[in-house]
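Sequence positions in the sequence shown follow our numbering and run 218 to 554. Below is one structure; the comments refer to it alone.
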Amino acid sequence: MYACGDTKSLVGNYSIKTSSTKNAVTNGEDISFSLTAKETYAIDSIIYVVDGKKLPKTTAVTNYTTNIKTATLGRKTVAATIYTSEGTANATTQISVLHTKAPKIYGYKIINRFPHKTDAYTQGLEFVGDTLYESAGKYAESKLRKVDYKTGDILQEVKLDNAYFAEGLTIYNDKIYQLTWRENTGFIYNLSDFKKTGTFTYNRSKEGWGLCNDGTTVYKSDGSSKIWKLDPTTLAEQSYIEPTNHKSVSKAFNELEYIDGKIYANTYQVASIAIIDPTTGAIEGLIDLTSLPKEVQSGLDPQNEVLNGIAYKVNEGRLFVTGKHWNTLFEIEIFEK
């Protein structure tokens with residue numbers, strides 16, 4: 218018996234379990250939720266919210282089944298509000314919403330080889346017309362370059378302060394946007410003369426890794442599972458996608474390139490490129506480049522001097538890749554295996 222004014226704390230009393238292995242469910246399939254309790258109280262009703270969508274009220278403590286259909290893939294929060302005889306309690310868990318299909322696997326063939334400066338720890342690569350722009354990293358070695366891709370000659374260069382580790386770049390409205398790694402700062406330059414005209418900061422994203430744009434939205438990777446969508450004017454993070462295949466949510470995407478409506482992204486320390494739907498986050502394809510590092514100079518650190526650099530020559534429909542300190546810029550053609 219409890220006298221008036223006596224209260225019980227329900228914090229942490231309830232937890233949510235799901236019917237799915239590793240809390241993963243394919244988009245469009247059913248999943249069941251059940252509550253477990255440290256102490257049992259009479260429950261009047263339960264309301265679940267999945268990815269911000271409120272589900273119909275229930276009294277079922279176990280096996281509450283619902284169909285999962287989300288606009289984007291990846292990790293989603295499941296929240297339960299539990300109305301009991303002793304008050305209201307809350308519980309949350311996380312599920313992974315997976316793509317319905319396995320990604321297509323692509324091979325490649327080398328079309329051309331061009332010289333690439335080996336002092337460039339390549340972080341970002343992008344064409345404007347026939348000219349290649351490159352962001353190279355490492356502390357005390359970071360730089361922004363304009364390059365003749367056919368010869369590898371440097372046409373223009375800006376060196377960053379030693380305190381900055383340069384990362385990805387993209388070019389939008391005659392401005393170059395360049396990330397730094399852990400310094401929470403991006404730089405803005407005139408495309409015409411490399412004059413620095415401004416900076417921007419990261420707010421919701423973790424670090425600076427890769428950049429690309431589709432003409433209206435800038436996309437940014439930060440080393441996590443997220444690829445952020447940025448306002449092209451303020452560079453503020455507006456939302457994100459989580460690249461996801463039919464088995465799991467992926468992470469550590471580094472260099473990004475926007476090609477024909479898809480984001481091409483390489484995973485740090487993995488010799489492959491994912492082809493990602495920028496609307497849903499679905500990984501629709503994987504380009505297997507496992508053998509490509511064998512085509513560059515020997516003696517590179519296989520854990521550090523890895524594939525990183527994707528550039529698409531839009532005016533000619535040509536795809537180029539390189540890596541950190543690699544001596545070659547490769548033009549490749551991909552084909553479905």
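Idealized CB from N, CA, C, for every residue including glycine. Note that this is a predicted model, so its numbers are computed, not measured.
{"Query": "Under the rule that 16 or more other beta-carbon atoms within 10 Å means buried, what is Ile-322, buried or exposed?", "Result": "exposed"}
{"Query": "I need the boundaries of the beta strand (DSSP E) containing Ser-249, first residue and last residue.", "Result": "247-254"}
{"Query": "Taking the C-alpha atoms as reference points, what is the distance between Lys-541 and Lys-234?", "Result": "44 angstroms"}
{"Query": "Near Cys-221, what residues of its chain come up, given a Cβ to Cβ distance below 6 angstroms and the 5 sequence neighbours on each side ignored?", "Result": "Low local confidence applies: a pLDDT of 41 at Cys-221 is under 50, so the model's placement there is unreliable, and no value is given."}
{"Query": "Measure from the alpha carbon of Phe-317 to the alpha carbon of each residue in Asp-448, Glu-246 and Gly-415, then state which is nearest.", "Result": "The identity of residue 317 in the sequence shown is Thr, whereas the question assumes Phe. It is Glu-246 whose Cα lies nearest to the Cα of Thr-317."}
{"Query": "Just to confirm my understanding: we take Ser-232, look at its own chain, exclude 5 residues before and 5 after, and list those with CB closer than 6 angstroms. What are they?", "Result": "Thr-253 and Ala-308"}
{"Query": "Pull up the distance between the alpha-carbon of Gly-341 and that of Thr-294, whole angstroms please.", "Result": "33 angstroms"}
{"Query": "Would Leu-524 pass as a contact of Asn-483 if the rule is Cβ separation under 9 angstroms?", "Result": "yes"}
{"Query": "For Asn-284, which residues from the same chain have a beta carbon less than 6 angstroms from its beta carbon, with the 5 sequence-adjacent residues on both sides left out?", "Result": "Asp-247"}
{"Query": "Output the boundary residues of the beta strand (DSSP E) element that contains Gln-311.", "Result": "304-315"}
{"Query": "Take the Cβ of Gln-455 as the centre, count every other Cβ of all protein chains shown within 10 Å, and call the residue buried at 16 or more, exposed below.", "Result": "exposed"}
{"Query": "Suppose only complete runs of 3+ residues qualify. What are the beta strand (DSSP E) ranges in the segment 362-440, listed by chain order?", "Result": "371-376, 383-389, 392-397, 402-407, 413-418, 427-430 and 435-438"}
{"Query": "Going by C-alpha to C-alpha distance, which of Gly-432, Glu-472, Lys-271 and Lys-392 sits closest to Asp-410?", "Result": "Lys-392"}
{"Query": "Please specify which runs of the beta strand (DSSP E), each continuous and at least 3 residues long, are wholly inside the segment 500-543, giving them in chain order.", "Result": "500-505, 524-530 and 535-540"}
{"Query": "Does the count of Cβ pairs from the segment 286-305 and the segment 347-361 closer than 8 angstroms reach three?", "Result": "no"}
{"Query": "Between which residues of its own chain and Cys-429 is the CB-CB distance below 7 angstroms, once the five residues before and five after are set aside?", "Result": "Thr-387, Tyr-436, Leu-473, Glu-474, Tyr-475 and Ile-480"}
{"Query": "How long is the line joining the alpha carbons of Arg-421 and Ile-549, rounded to whole angstroms?", "Result": "35 angstroms"}
{"Query": "Tell me, please, which residues DSSP counts as bridged to Pro-332.", "Result": "Thr-545"}
{"Query": "Should Gln-311 be labelled buried (16 or more other beta-carbon atoms within 10 Å of its own) or exposed?", "Result": "exposed"}
{"Query": "Could you pull the start and end residues of the beta strand (DSSP E) that Gln-455 belongs to?", "Result": "454-458"}
{"Query": "If I follow the unbroken beta strand (DSSP E) through Thr-191, where does it start and stop?", "Result": "With the chain covering only 218 through 554, there is no way to say anything about residue 191."}
{"Query": "Evaluate Phe-404 with the Cβ neighbour count: other Cβ atoms within 10 Å of its Cβ, from every protein chain shown; 16 or more gives buried, anything less gives exposed.", "Result": "buried"}
{"Query": "Going straight from the alpha carbon of Ile-263 to that of Tyr-457, what length do you get?", "Result": "30 angstroms"}
{"Query": "Buried or exposed for Phe-552, going by 16 or more other Cβ atoms inside 10 Å?", "Result": "exposed"}
{"Query": "Specify the secondary structure class of Thr-289 as computed by DSSP and reduced to three states.", "Result": "coil"}
{"Query": "Compare the C-alpha of Asn-240 against each of Gly-291, Tyr-258 and Asn-471 and name the closest.", "Result": "Gly-291"}
{"Query": "Would you mind working out which of Thr-279, Tyr-338 and Val-278 sits nearest Glu-522, comparing C-alpha positions?", "Result": "Tyr-338"}
{"Query": "Among residues of its own chain, excluding the 5 on either side of Ala-259, which ones have a beta-carbon nearer than 6 angstroms to its beta-carbon?", "Result": "Ser-302"}
{"Query": "Between the Cα of Gly-324 and the Cα atoms of Leu-546, Ile-492, Thr-545 and Gly-498, which residue gives the shortest distance?", "Result": "Ile-492"}
{"Query": "Which of the three DSSP states is assigned to Thr-238 in this structure?", "Result": "helix"}
{"Query": "So, with DSSP's three-state summary, where would you put Asp-261?", "Result": "strand"}
{"Query": "Where do the ends of the beta strand (DSSP E) carrying Lys-479 lie?", "Result": "479-484"}
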